[in-house]
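Enquirer:
In our numbering, the protein residues as written are 79 to 203.
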């Protein structure tokens, strides 16, 4: 076994940058604040936060279409084309904060203690 500790603040910020390199993000997104808010998160947890937040603009678009009571594809396409300018297509800080409220750390304090204990006993190769 190899023990890989959770990412530190700097590493978490780098993970956000890597996960979001192909995602359109708004100017208000503060990667340093996101990194600070994800203390105790693994790299996979942060990737899940990014994935969830990246879907926020699509969820908002679909909610806008559903709110108009449209049922067939042609009506939906027309409504989306008309609303395209008013809908936010970039992921915002608020989207990330909402995702953070839904995606929690997969590693608990008891897990970390167990891993640290293992590392003390067996060390690294």
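Heads up, the beta-carbon is just placed ideally off N, CA and C, and yes, glycines get one too.
Whole angstroms are fine: how far does the CA of residue 106 sit from the CA of residue 132?
Expert: Approximately 15 angstroms, taken between the alpha carbons.
Enquirer: Would the segment 113 to 124 and the segment 133 to 145 be scored as touching if the rule is three or more Cβ pairs under 8 angstroms?
Expert: No: the two stretches stay apart, fewer than three of their Cβ pairs being nearer than 8 angstroms.
Enquirer: Using only the alpha-carbon positions, how far apart do residue 94 and residue 130 sit?
Expert: Approximately 13 angstroms between the Cα atoms of the pair.
Enquirer: In three-state terms, what does DSSP make of residue 93?
Expert: In this structure, residue 93 counts as helix in the three-state DSSP scheme.
Enquirer: So residue 169 and residue 101 are supposed to be a Cβ contact under 8 angstroms. How far apart are they, rounded?
Expert: The pair is a contact, with the Cβ atoms about 6 angstroms apart (cut-off 8 angstroms).
Enquirer: For a test of the three-state rule: what should DSSP assign to residue 82, helix, strand or coil?
Expert: Three-state DSSP puts residue 82 in coil, outside helix and strand.
Enquirer: Whole angstroms is fine: what's the gap from residue 184's alpha carbon to residue 98's?
Expert: So the two alpha carbons sit approximately 21 angstroms from each other.
Enquirer: Verify whether the separation of the beta carbon atoms of residue 173 and residue 111 is less than 8 angstroms.
Expert: Taking 8 angstroms as the Cβ cut-off, residue 173 and residue 111 do not qualify as a contacting pair.
Enquirer: At the 8 angstroms Cβ level, is residue 120 part of the contact set with chain B, yes or no?
Expert: Checking the listed chains, one finds no chain B in this structure; it contains a single protein chain.
Enquirer: Please tell me whether residue 124 and residue 90 are closer than 8 angstroms, where the distance is taken between their beta carbons.
Expert: Yes, Cβ-Cβ distance for residue 124 and residue 90 is below 8 angstroms.
Enquirer: Can you give the Cα-Cα distance for residue 92 and residue 121, rounded to whole angstroms?
Expert: In a straight line, the C-alpha of residue 92 is about 10 angstroms away from that of residue 121.
Enquirer: Helix, strand or coil: how does DSSP classify residue 169 here?
Expert: Here residue 169 sits in strand by DSSP.
Enquirer: Buried or exposed for residue 82, please, with buried defined as at least 16 other CB atoms from any protein chain shown within 10 angstroms of its CB.
Expert: Looking at its Cβ environment, which holds fewer than 16 other Cβ atoms inside 10 Å, residue 82 is exposed.
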